[in-house]
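Residue numbers (my numbering): 227 to 327. Take a look at the structure set out below.
This is the structure in structure tokens:
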């Protein structure tokens, strides 16, 4: 994916650069409006993988990161940053709990 080349951020080690996916929809596809007060999900967040690091070393061998650019993942927390007006989250691979298909 060419998106990765546009970004000025290259994660190191087992870190992953994510763009948070905004799940807050005010209107469903069937036309039902959802008020802002219906925000009860305090669990994992969704993010799209923008860039990945080379991986981590275990016993002298490189273990590559399992997620790929373009994957949508669930993560628990990360460091929020802003570059050129774009907001991103950097997480370690261990903070990613699932790849959504």
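Positions of the beta carbon are idealized from the N, C-alpha and C atoms, including for glycine.
Legend entry - Among 237, 271, 234, 286, nearest to residue 247 - alpha-carbon criterion: It is 271.
Inset, instruction - State buried or exposed for residue 308, treating a residue as buried only when at least 16 other CB atoms are found within 10 Å of its CB. - result: Label assigned to residue 308: exposed.
Legend entry - residue 240 and residue 318 closer than 7 Å at C-beta: In terms of Cβ geometry, residue 240 and residue 318 form a close pair [threshold 7 Å].
Legend entry - Coarse secondary structure for residue 320, derived from DSSP in three states: Helix at residue 320.
Inset, instruction - Quick one: measure Cβ to Cβ for residue 242 and residue 289, integer angstroms, because I've assumed they're closer than 8 Å. - result: For residue 242 against residue 289, the beta-carbon gap comes to about 14 Å, at or over 8 Å, which does not count as contact.
Legend entry - For residue 298 and residue 322, the rounded distance between their alpha carbons: Going from the Cα of residue 322 to the Cα of residue 298 covers about 10 Å.
Inset, instruction - Determine which residues share a DSSP beta bridge with residue 282 and list them. - result: DSSP output for residue 282 lists 289 as bridge partner(s).
Legend entry - Outcome for residue 244 when other beta-carbon atoms lying within 10 angstroms are tallied against a minimum of 16: Answer is buried; the Cβ neighbour count reaches 16.
Inset, instruction - Count the other C-beta atoms from every protein chain shown that fall within 10 angstroms of the C-beta of residue 277, then say buried if there are 16 or more, exposed otherwise. - result: With 16 or more other Cβ atoms within 10 Å, it is buried.
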